[in-house]
Structures are given as C-alpha cells and as structure tokens.
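One structure is given below, encoded as structure tokens.
Number of protein chains: 2
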Amino acid sequence: MAGFVSHFTNRLDAKGRVSIPAPFRAVLARDGFEGLYCFNSTHNPAVDAGGNQLLAEIKTQTEKFAKLTSDHDMLAAALFGDSEILKVDGDGRMTISDMIREQTGLSDQVTFVGLDYKFQIWEPQKYREYRAEAQKRALAMLSALGPASSQGGPA
Amino acid sequence: MAGFVSHFTNRLDAKGRVSIPAPFRAVLARDGFEGLYCFNSTHNPAVDAGGNQLLAEIKTQTEKFAKLTSDHDMLAAALFGDSEILKVDGDGRMTISDMIREQTGLSDQVTFVGLDYKFQIWEPQKYREYRAEAQKRALAMLSALGPASSQGGPA
DNA sequence: TGGGTAAACATGGGATATCATGGGAATTCA
DNA sequence: TGAATTCCCATGATATCCCATGTTTACCCA
C-alpha cells in the first residue's frame with residue numbers, strides 16, 4: 001500500500017492548530033495508530049511523525065543494539081524518550097507543541113513532507129532549501145548505485 | 001503483459017482535466033494501483049507517471065539505505081516528497097496539478113508518451129523536439145552495442 | 001461491399017462533496 | 001477559578017461525481 005507521499009503546506013491558526021493533509025490522514029487511518037507519534041529528526045530541523053509503521057521502524061533500529069548497553073540507552077532516549085504522541089481532533093487537525101516549534105522554528109505555516117513510512121514537519125522556507133539540496137544529492141546517490149539497477153533509475 | 005506504449009495528445013479542459021489515453025488506462029487497471037503516481041523527471045521537462053510497477057522501482061532505490069538515516073531521509077524526500085498521487089475520475093481523466101504545470105510548461109494540450117513500465121507527460125512541442133533527439137541518440141546507442149548482438153540467434 | 005448501427009472515447013458543464021480554516025461553547029486540569 | 005484545550009459547527013474554495021454530447025472507430029448484416 002502507498003504510504004505518505006507528496007508535500008503540502010498549511011496555515012497555523014490562532015490556536016496553534018494545523019490541518020494534517022487529508023491524504024496523510026487517510027494513511028494514518030489505515031495504519032490504525034491512535035494519535036500521531038512525533039520526535040525530533042536527529043539530522044534536520046524537522047520533526048518526524050507517523051503511526052505504527054514508524055514505530056515499527058524505530059524498534060527495528062534499536063534492536064540492532066544490545067539492551068542495557070550505553071548505545072541502546074542513547075538511541076532509545078532519542079527515539080522514544082524525546083518523542084510525544086499528539087492528539088488529532090475530529091477535523092483532522094493537530095496542535096503544534098513547543099517541542100515542534102523549537103525544533104523547526106516554524107511560525108505561521110507548516111510544510112508536511114511524505115517519506116513513505118513517515119512524514120516530516122518543516123518550516124516552509126527551510127524545507128525549500130533542504131529540498132533543493134536533496135534533489136541534487138539524490139541524483140548523485142542514484143548514479144553512484146550504478147547502472148545495474150533497473151532502467152538506470154527513476155527518470 | 002504489454003506496458004505503456006505509443007503516444008497520444010489530448011486537450012486540457014477549462015477545469016484543468018485531461019483524458020488519460022484509453023490504452024494507458026487499461027494498463028493502469030491491470031496494474032491495480034488506485035490513482036496515478038507522478039513525479040518530476042530529473043533530466044527532462046516531463047513528469048513520470050505510473051502505478052505499482054513504477055512505485056516498486058522507487059522503493060527498490062530507497063531500500064538500499066537504512067531507514068531513519070540521513071541518507072534515506074534525503075532520498076525519500078526527493079523521491080516520495082516530490083511525488084504526487086493524482087486521482088483518476090470515473091471518466092478516466094486526471095487533473096493537471098501545479099507541479100506538473102511548472103515542470104512541463106504545458107498550457108492547453110498534453111502529450112502522453114508510453115515507456116513500458118511508466119509513461120511521461122509532456123508539453124507537445126517540447127516532446128516533438130525531444131523525440132527527434134531521442135531517435136538520433138537511440139540509433140547511436142544501438143550501433144554502439146556492436147554487430148555481434150544483433151539478430152541474436154545461434155549461427 | 002456498402003450502409004447502417006452500435007460501441008468506445010474524448011470533452012463539456014452543472015450539481016455535490018471534501019477539505020482547510022475560523023471561531024464560539026463546553027470542558028479539563030492545575 | 002482561570003487559562004488552555006477540546007469539541008462542535010459554520011463557511012468558502014476547490015475538487016469530485018455524474019450525466020450529456022459529438023465524433024470517430026469498430027462491427028454487423030444484407
């Protein structure tokens with residue numbers, strides 16, 4: 001099944017609410033998670049968000065380290081401890097928390113970016129910059145993978 | 001099974017809709033994907049479109065990197081974040097999004113070009129130019145493959 | 001083989017539903 | 001008891017659905 005795809009920018013209202021894009025809500029509904037699992041991206045001024053599928057990926061990653069080790073504690077602290085579960089209201093809106101505000105630096109608009117198994121929350125301008133960079137890097141990464149892969153990559 | 005083949009040019013109506021060529025619709029129906037998966041071509045002023053088969057190609061690319069890493073996020077942002085899933089109405093039409101309009105520069109007509117596992121959306125005139133170039137390049141590429149492989153059969 | 005009929009398809013437009021957004025009222029929690 | 005949150009309803013813009021039409025292509029039968 002298709003996951004989170006495409007990107008959308010919505011306005012933040014006076015109460016600090018934003019509509020989660022309808023296509024993303026549909027994915028979340030299928031996923032079945034109650035609410036929205038969020039945590040700060042470790043490498044971008046963005047917040048990662050999703051449901052059970054995202055949670056499953058986090059578990060997969062942490063399980064690569066033995067429990068009770070310093071590494072495991074560290075990773076768990078970042079991915080579980082530093083997360084929040086936000087509520088989604090009846091109209092499909094979420095309320096931007098202080099954590100999200102600090103992490104992203106957003107003010108009156110929010111950009112939602114689909115990354116298949118999760119989506120990210122960005123301040124629109126920062127996303128535009130990241131996007132330009134990502135496009136360049138992606139092209140380089142795909143080329144580096146070599147021509148062996150199908151049809152030389154998605155055109 | 002046969003994929004997307006041949007090319008067609010259809011008119012855009014006042015609401016920004018175009019009929020997807022019937023042969024392409026038949027391929028999409030067989031593919032089973034709900035809607036139309038689209039994203040900008042990285043090397044042409046065209047948009048790539050398709051269904052599960054195209055999506056599978058993209059997933060193959062991103063699966064080469066571990067999820068939650070910086071590399072994966074970047075690639076996913078470029079491939080999924082920059083994609084759109086367009087709806088197809090009951091009459092087999094799609095609505096041209098702003099993204100497609102910007103990428104292709106199309107105004108009142110759309111050319112659909114079959115590329116087997118996906119098809120492309122072009123502004124008609126740009127496609128004509130590209131086509132002329134592609135024919136020359138194809139000839140050169142085939143020649144470069146050498147005479148040994150032609151006719152393939154055991155002598 | 002020619003004409004007539006039917007089917008498929010691109011296209012147009014009005015009616016309807018969806019969605020983002022705004023704001024008041026009720027409720028909760030400290 | 002007051003500030004913040006959650007619930008509920010209103011609204012305008014947009015997208016979607018559904019039906020109509022004309023034209024071309026495919027089909028059939030005399």
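So the sequence lines, in the order shown, correspond to chains R and W.
Mapping of the first sequence onto the UniProt record's numbering: position 34 corresponds to residue 34, and the numbering continues sequentially without gaps.
Mapping of the second sequence onto the UniProt record's numbering: position 54 corresponds to residue 54, and the numbering continues sequentially without gaps.
Beta carbons: idealized from backbone N, C-alpha and C, even for Gly.
Check each candidate in the options and name the one with the smallest Cα separation from residue i.
| i | options | result |
| --- | --- | --- |
| residue 32/R | 12/R, 54/R, 142/R and 105/R | 54/R |
| residue 112/W | 103/W, 105/W, 102/W and 123/W | 123/W |
| residue 86/W | 105/W, 74/W and 49/W | 49/W |
| residue 93/R | 17/R, 10/R and 118/R | 17/R |
| residue 65/W | 61/R, 30/R and 74/R | 61/R |
| residue 120/W | 58/W, 19/W, 21/W and 47/W | 47/W |
| residue 30/W | 21/W, 52/W and 9/W | 52/W |
| residue 59/W | 68/W, 69/W, 45/W and 75/W | 75/W |
| residue 70/W | 45/R, 15/R and 69/R | 45/R |
| residue 14/R | 95/R, 26/R, 88/R and 77/R | 95/R |
| residue 10/W | 107/W, 146/W and 132/W | 107/W |
| residue 141/R | 19/W, 26/W and 77/W | 77/W |
Assuming residue i contacts residue j under a Cβ cut-off of 8 Å, what Cβ separation, rounded to an integer in Å, is found between them?
| i | j | result |
| --- | --- | --- |
| residue 109/R | residue 12/R | 6 Å |
| residue 24/R | residue 90/R | Not quite, the Cβ-Cβ distance comes to about 16 Å (not below 8 Å), so this is no contact. |
| residue 117/W | residue 57/W | 7 Å |
Enumerate in chain order the residues of its own chain whose CB-to-CB distance from residue i is below 7 Å, with the five nearest sequence positions on each side excluded.
| i | result |
| --- | --- |
| residue 72/R | 62, 65 and 66 |
| residue 98/W | none |
| residue 127/W | 111 and 113 |
Just to confirm my understanding: we take residue i, look at its own chain, exclude 5 residues before and 5 after, and list those with CB closer than 6 Å. What are they?
| i | result |
| --- | --- |
| residue 8/R | 21 and 112 |
| residue 28/R | 51 |
Answer yes or no: the CB of residue i versus the heavy atoms of the ligand FMN, is any distance below 8 Å?
| i | result |
| --- | --- |
| residue 24/R | The ligand FMN is absent from the structure shown, which contains no ligands of any kind. |
In its own chain, which residues sit with a C-beta less than 8 Å from the C-beta of residue i, not counting the 5 before and 5 after it?
| i | result |
| --- | --- |
| residue 133/W | none |
| residue 19/R | 10, 91, 92 and 93 |
| residue 88/R | 20, 25, 28, 35, 36 and 94 |
Touch check for the stretch 3 to 20 of chain R and the stretch 79 to 89 of chain W: three-plus C-beta pairs under 8 Å? yes
Hey, which unbroken runs of the beta strand (DSSP E) at 3 residues or more fall wholly within the stretch 73 to 129 of chain R? 83 to 86, 93 to 95, 109 to 114 and 119 to 122
Pair every Cβ in the stretch 32 to 45 of chain R with every Cβ in the stretch 89 to 105 of chain R, then say whether three or more of these pairs are closer than 8 Å. yes
Taking 8 Å as the threshold, find out whether the stretch 132 to 144 of chain R comes into contact with the stretch 23 to 37 of chain R through three or more Cβ pairs. no
Write down every uninterrupted run of the beta strand (DSSP E) in the stretch 33 to 68 of chain R whose length is 3 residues or greater and which is fully enclosed by it, in chain order. 36 to 40 and 47 to 50
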